[in-house]
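So the protein lines, in turn, are chains A and B.
For what it's worth, my numbering labels the leading residue of the first sequence as 1, then goes sequentially.
For what it's worth, my numbering labels the leading residue of the second sequence as 1001, then goes sequentially.
Each residue gets a CB set at the ideal place from its N, CA and C atoms; glycine is no exception.
Please read these numbers as outputs of a predicted model, since none were measured by experiment.
Worksheet: the structure to be examined is printed underneath.
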Amino acid sequence: MARTPYRPEGIDDAFSTGESSSARPDGSSPAPAARPTAPAIGVRGMLRWMWRQLTSMRVALLLLMLLAVAAVPGSVLPQTSQDAAAVAAYLVDHPTTGPWLEAAGFFDVYSSVWFSAIYLLLFVSLVGCILPRTAAHWRALRGRPPRTPRRFARFPAQATGTSSAAPEAVADAAVLHLRGRRRVLPIFRVERGEEPATANRPATATVAAERGYLRESGNLLFHLALLGLLVSVATGQMLHYRGQAILVEERGFANSVVDYDTFENGALFDPTSLEAFTMTLDRFESEFDAVGTPRDFTAYVTVTEPGGEPTSETIKVNHPLDAGDAKIYLQGNGYAPDVTVRDADGEVAFAGPVPFIPEDQVYTSRGVIKVPDVSPGLEQIGFVGYLLPTAVMEDGGARSVYPQPGNPQLVLDVYTGDLGLDEGVPQNVYSLDTDDMTPSTEEDGTPTTIVLGVGDTVDLPDGGSITFEDLPRYVALDLRHDPALGFILTFSLLALGGLAVSLFTPRRRVWLRTWAEDGRTVVEVAGLARHDDAGLQGQVDDLLADLPGIGAGDDDTSSDDTTSDDTTTNGEADGPAPRKADR
Amino acid sequence: MSIAEFSTDLVWGAATVLAVSLIAFAMDLAQVSARRAEASRAEEQSDAAPAAESADSAGASVSSAVEGGTPSGGSTATVTATDEAPQRRRAAGIGVSTAWLGTILLGVAIAARGVAAGRAPWANMYEFTLVGAFVALVVFLGVNVRRDIRWLGAFVTGIAILFIAVAQVNFFVPADGLQPALQSYWLVIHVGVAIIASGIFTVAFLMSVLQLLRDSRDEGSAILNRRGWGWLELTPTPTRLEGLSFRLNAVGFVLWTFTVIAGAIWAEHAWGRYWGWDPKEVWSFVVWVVYAAYLHARTTRGWSGRRAAYFVLVGYACVIFNFTGVNLIFNGKHSYSGM
Ligand code: HEM
């Protein structure tokens, strides 16, 4: 079936008119696809050849498939941009293949050389293909409908009838019918014509009409919008910033790079230009259903823009807050146990809330408390362990059963020694480097585990104490600024619109010829569509029926064409489908 | 019985009715192809009435001419046009009416689920699968109103039953409210349109499969010309199947484009970035690119017809993987499966 002519050829926009139904030897490029066989084409010829190949549909097709395939590994392998820890774990688990994959960019697929190369080539190809088509379409828009073909017999949709009106009147009525009521945006572009008498036919009036220019317009719009989309995304990458901040209840935040836990920005964004608003988390509220599934999270904040009054706002999942030039998203939440640690000298060595990271549905949260600032001569202290919001004690230990703080307990292991903070290597605040530390133990040698409720104070084995003062909540916020968002949205919607127009606008040509014969007026109509077109025959029949003085005694062609389901899809045969078998 | 239980039971009811429909459609295919075999045997024996003539007299000349892509095309059309007294496809009629009934029952079940959960009924895999089956059925029945595609009935009801069974057995979760990330009107828009697109892709996929089978048979494939495959004569020519499939895929593709855009807008609201190559995003992108390649293939000489149909198979496989594999294997942000 690849041989059946139901496809128009690629970029060639003029649909074939029967006389030249296979005008294009290869529909794959705007210029006739060059398949140079000559060896001596020289450098320029070679470049031209390469350009033609690149802008051919076939290469675009291959690039598209390559793009699809190249995107897949990024969903299978961990990606640094999403989960750097998972990448590190993968490298540990796969000591042989891991480094190879890393070198080949498989952990950063979407910014890898090969992925970028594919989509950039695709876009080059697209530009090379779209520009000539835009020019051609511009010309076509100002051209005239194709002249009326000599014979209608081979067209996929036809109708014949007789009228009592004069041929001139019939043709005029046809023009009106096809053009539609509106003058500005006619349905069909129409041209009246005349043909002198020939040996076997008297002089005739003709009408040639074409509709569906919007199809190509939509197609071009679609492709250009894709280009616009790519450019806006790239621009946004250059101008954006994104930062994460953890904010504990009743604590404040000022919008400057130092106040972020992490901050990254595009090459063209100047971090000193951050708008210096401040924000305080007044309260965080969460709701869970009976089995602990989250139902609602709300952060109540007070925002003060530079020079403005403080205003109360809320941030919810799905409802980011606009502040300064950024949008603030509620990304996570948890508990930050407020603890006070005294060293063996009785001095307060640490005091304040410490964010713990929830690890499951019931907010079993893991955290680390580092106490470097002990009195001189004493060893540094580190705690690592869990917060259980609603703890139940079982024989094996404790576990949490509900995410809300029904019975909060801190369960901590204690280490003493050197926290390793002075080595100048940045440390993860959520993990404890115990290389130079020893676990505290009970007299019988078992490791010490401290269990604390809110308000409790427990003495440490090596002196000192820890007090669990309070249990404030914290929120993890994402602050993000991307000036290109509006453009990205606009281009996406333009692409969508262009696509819909280009896929659903029928492209049709309709011709009519009418002449006087034996005291009556004979009317012949033919229609041709590019692409599949279920409505083509209907269009032709409607036109005929709407002409003045159309009488009974029509040729049977039109009537059995409309009732037979098969003919309604004749438009699939793009060239004028021969009425005999296709091959 | 609670509304949620009522919904679950009704889903089984719908599956049962659809099974009746499937049997009726299958019987129809079997009967018609048996009659065909008989007719062609009779034809071989008596060379009295040439096929083409009887076709003409029945006004079937157009169909046989246009569809005549096969060596036996002319005589095939003859049998359809002259031999098929209407009452002889009673089984197909039963298939259509039971398919309507099953679809309505499924629709009521889905609505009841929505009432029980107090939200749009497509927030987890279970619901998504049910609604996807529903959309495929509606597309089939809707198209069937305007043109006779009863030959597709057995396949659409079959795949719908499969979807329903997988949903009930493997994906079931109790009707419940929504986690904060899903509390947005974008759930209705983004997921709703995604399901409609998936349902349309499903029907188009079935057509492309039939296109390939029919094409192979017409090309003289030994296996497909054995007994038991005669029902393929009931389907339109590969060219027409390709056209039908394309029209659905075009609609599906536009809706999918919208799904991806709406997803990006929602991601911007909910997650603070419009695109982050989360596994679901990767695979939605892959689906989009494969169907875009399909549309390009159709317009490229040497890639149209059969080869275009292969793109549909690949594209649909990606749609299915995007739904099942990505939800169940990968651990991404799109973990709305409820499982
Ligand atoms: C970013 C990559 C591309 C994407 C996602 C894409 C997508 C699409 C889509 C969805 C259509 C469907 C509209 C239709 O069939 O009428 C289309 C049509 C088309 N595209 Fe692309 N395209 C891309 C690149 C290209 C390139 C590089 C070329 C040229 C070499 C090209 C040439 C065409 C042509 C000629 C059509 C119209 C086909 C027709 O006549 O129906 N496209 N494209």
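Along the region 1252-1277 of chain B, the positions whose C-beta sits under 9 Å from a C-beta of chain A are Phe1253, Val1254, Thr1257, Phe1258, Val1260, Ile1261, Ala1264, Ile1265, Trp1266, Glu1268, His1269, Ala1270, Trp1271, Gly1272, Arg1273, Tyr1274, Trp1275, Gly1276 and Trp1277, read in chain order. Trp1122 of chain B and Val1131 of chain B have their C-alpha atoms roughly 7 Å apart.
Comparing C-alpha distances from Thr80 of chain A to each of A:Val109, A:Thr55 and A:Leu66 shows the shortest one belongs to A:Val109. Under the three-state reduction of DSSP, Phe1155 of chain B is assigned to helix. Among the CB atoms of chain A, none fall inside 8 Å of the CB of His1190 of chain B. In this structure, the beta-carbon distance from Phe115 of chain A to Ala60 of chain A does not fall below 8 Å. The three-state secondary structure of Thr1237 of chain B, taken from DSSP, is coil. Chain-ordered listing is empty here: chain B has no CB closer than 9 Å to the CB of Arg530 of chain A, the nearest sitting near 10 Å.
Glu194 of chain A and Thr206 of chain A have their C-alpha atoms roughly 6 Å apart. Nearest C-alpha to Asp456 of chain A among A:Asp338, A:Cys129 and A:Gly42: A:Asp338.
Bridge pairing for Met57 of chain A: absent [DSSP]. The Cβ of Phe1285 of chain B sits closer than 8 Å to at least one Cβ of chain A. Between the C-alpha atoms of Gly1114 of chain B and Asp436 of chain A there is a straight-line separation of about 58 Å. Secondary structure within the region 227-289 of chain A: the beta strand (DSSP E) runs of 3 or more consecutive residues, fully enclosed, are 241-248, 252-254, 262-265 and 278-288 (chain order). Secondary structure note for Trp515 of chain A: it is in no alpha helix (DSSP H), and the uninterrupted beta strand (DSSP E) holding it is Arg507 to Glu517.
Counting only Cβ-Cβ distances below 9 Å, Asp345 of chain A has no contacts in chain B at all, with the closest Cβ about 46 Å away. For the pair His481 of chain A and Asp282 of chain A, the CB atoms are not nearer than the 8 Å cut-off. Here the alpha carbon of Thr280 of chain A sits roughly 9 Å from the alpha carbon of Thr304 of chain A. The contact set of Phe356 of chain A on chain B, defined by CB atoms closer than 7 Å, is empty, because the minimum CB distance reaches about 20 Å. Distance check between Pro353 of chain A and each of A:Thr272, A:Asn407, A:Thr467 and A:Gly497 places A:Thr467 closest, using alpha-carbon atoms only. Closer than 8 Å to the CB of Val1289 of chain B there is at least one CB belonging to chain A. Bridge partners of Ile1161 of chain B according to DSSP: none are assigned.
Residue-level contact by beta carbon holds for Met65 of chain A and chain B, with a gap shorter than 8 Å. Our two residues, Leu321 of chain A and Gly105 of chain A, have alpha carbons roughly 36 Å apart in a direct line.
Taking the Cα positions, Val1166 of chain B is about 44 Å away from Ser56 of chain A.
Each residue's CA atom was taken as its position, placing His1269 of chain B and Pro95 of chain A some 39 Å apart.
Only residues of its own chain outside the window of five on either side were considered, and among them Ile1149 have a CB closer than 7 Å to the CB of Val1143 of chain B, listed in chain order.
Between Phe152 of chain A and Ala526 of chain A, the C-beta spacing is below 8 Å. Restricting attention to beta strand (DSSP E) runs no shorter than 3 residues, the region 331-399 of chain A encloses them at 338-342, 348-353, 365-371, 380-388 and 391-394, ordered along the chain. For Gln1183 of chain B, the chain A residues whose Cβ falls inside 7 Å of its Cβ are Asn318, in order along the chain. Sequence-distant partners of Val384 of chain A (beyond 5 residues in either direction) whose C-beta falls short of 6 Å from its own C-beta, in its chain, are Val368, Asp413 and Leu432.
Short of 8 Å from the beta carbon of Leu227 of chain A, and not among the five residues preceding or following it, lie these beta carbons of its own chain, in chain order: Phe123, Leu126, Val127 and Ile130. With a cutoff of 8 Å on beta-carbon distance, Leu477 of chain A and Ile328 of chain A are scored as near each other. The beta carbon of Val72 of chain A sits closer than 8 Å to some beta carbon of chain B. Beyond the five residues adjoining it in sequence on each side, Phe487 of chain A comes within less than 6 Å, by CB distance, of Ser232 in the same chain, given in chain order. Contact between Leu239 of chain A and Pro483 of chain A is confirmed by a C-beta separation of about 5 Å, below the 8 Å threshold.
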